[in-house]
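A.B. asks: Numbering (our numbering), first residue to last: 1 to 263. We put the CB at the ideal spot given by N, CA and C, even for glycine.
(1) Quick one: measure Cβ to Cβ for residue 130 and residue 72, integer angstroms, because I've assumed they're closer than 8 Å.
(2) By how many angstroms is the C-alpha of residue 60 removed from the C-alpha of residue 236?
(3) Since residue 128 is in the beta strand (DSSP E), which residue starts that stretch and which ends it?
(4) Can you give me the start and stop residues for the alpha helix (DSSP H) that residue 61 sits inside?
(5) Can you say whether residue 166 is buried or exposed, counting buried as having 16 or more other CB atoms within 10 angstroms of its CB?
(6) With H, G and I counted as helix, E and B as strand and the rest as coil, what does DSSP make of residue 81?
(7) When DSSP labels each residue in this structure, what does residue 73 get in the three-state scheme?
(8) Can you tell me where the beta strand (DSSP E) with residue 98 in it begins and where it stops?
(9) According to DSSP, is residue 87 part of a helix, a strand, or is it coil?
(10) May I have the straight-line CA-CA distance separating residue 107 from residue 169, to the nearest angstrom?
(11) Quick check: the Cα distance between residue 222 and residue 255, rounded to an integer number of angstroms?
(12) For the putative contact between residue 241 and residue 260, defined by C-beta atoms under 8 Å, what is the C-beta separation to the nearest angstrom?
(13) According to DSSP, is residue 244 helix, strand or coil?
(14) Among the candidates 234, 230 and 164, whose CA atom is the shortest distance from the CA of residue 137?
(15) Pick helix, strand or coil for residue 195, following the three-state DSSP scheme.
(16) Verify whether the separation of the beta carbon atoms of residue 128 and residue 96 is less than 8 Å.
(17) Out of curiosity, what's the CA-to-CA distance linking residue 134 and residue 181?
(18) Around the Cβ of residue 153, are there at least 16 other Cβ atoms within 10 angstroms (buried) or fewer (exposed)?
(19) Suppose only complete runs of 4+ residues qualify. What are the alpha helix (DSSP H) ranges in the region 125-190, listed by chain order?
(20) At the level of alpha carbons, what is the spacing between residue 230 and residue 216?
(21) Assess, as a yes-or-no matter, whether the region 140-158 is touched by the region 184-195 under the definition of 3 or more beta carbon pairs within less than 8 Å.
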């Protein structure tokens, strides 16, 4: 199978669930046959070039609806983070995670794309998964595959990065190529590994329990007890950005009325 066949797979949105509910992407033969194929300017059908911010990055250009989270959960089969193998009791305990970070995609080609394409990218299930707030904001963040890979599901992660970048015509730099090829060289499968759920949360000891947070958001997050929750407090407790359906939202100021505070 040739790399060009990946284009057809992506155009057909070939995402499926196997009998165990594992979220799969049909990349195995495509990636296996292409490992090691590097030309001076391309790798696996991707342009190899340095990152370039050809226009300013604004997160609002890459806004996505919180309503996409149940779709992610439905595809995985439970509230689960493939980066750590942890399960969660509620989606309030997880963040929507962009596998190829929005700012990374911007610097890899979307800086020249239309607003419609940017928003499509931001909401594309091919590029979305779940992660704990700590992993999403303090570890993975805006990094590319040369700077961060998960402890679990590295083959799935590498396959998904390549698929997303191929779909949107994004580039990779030399460091990404080296990191991704090192992973691909030891992959037999690109399926997501879904572990049996034993522990239910990945909350830091300083965070309130979910039950407390929902029943009394002010007690959980209003540190100065003034009846409001500020972005500074939300950031301190690791709940930012705060979306309209989050229990803290009614106690916060959404200046632009877009349903997201502390973006």
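C.D. replies: Quick look at the numbers:
(1) 6 Å
(2) 22 Å
(3) 128-131
(4) That residue, residue 61, is in no alpha helix (DSSP H); it is neither H nor E in DSSP.
(5) buried
(6) strand
(7) helix
(8) 95-98
(9) strand
(10) 12 Å
(11) 19 Å
(12) 5 Å
(13) coil
(14) 234
(15) coil
(16) yes
(17) 27 Å
(18) buried
(19) 154-167 and 174-184
(20) 16 Å
(21) yes
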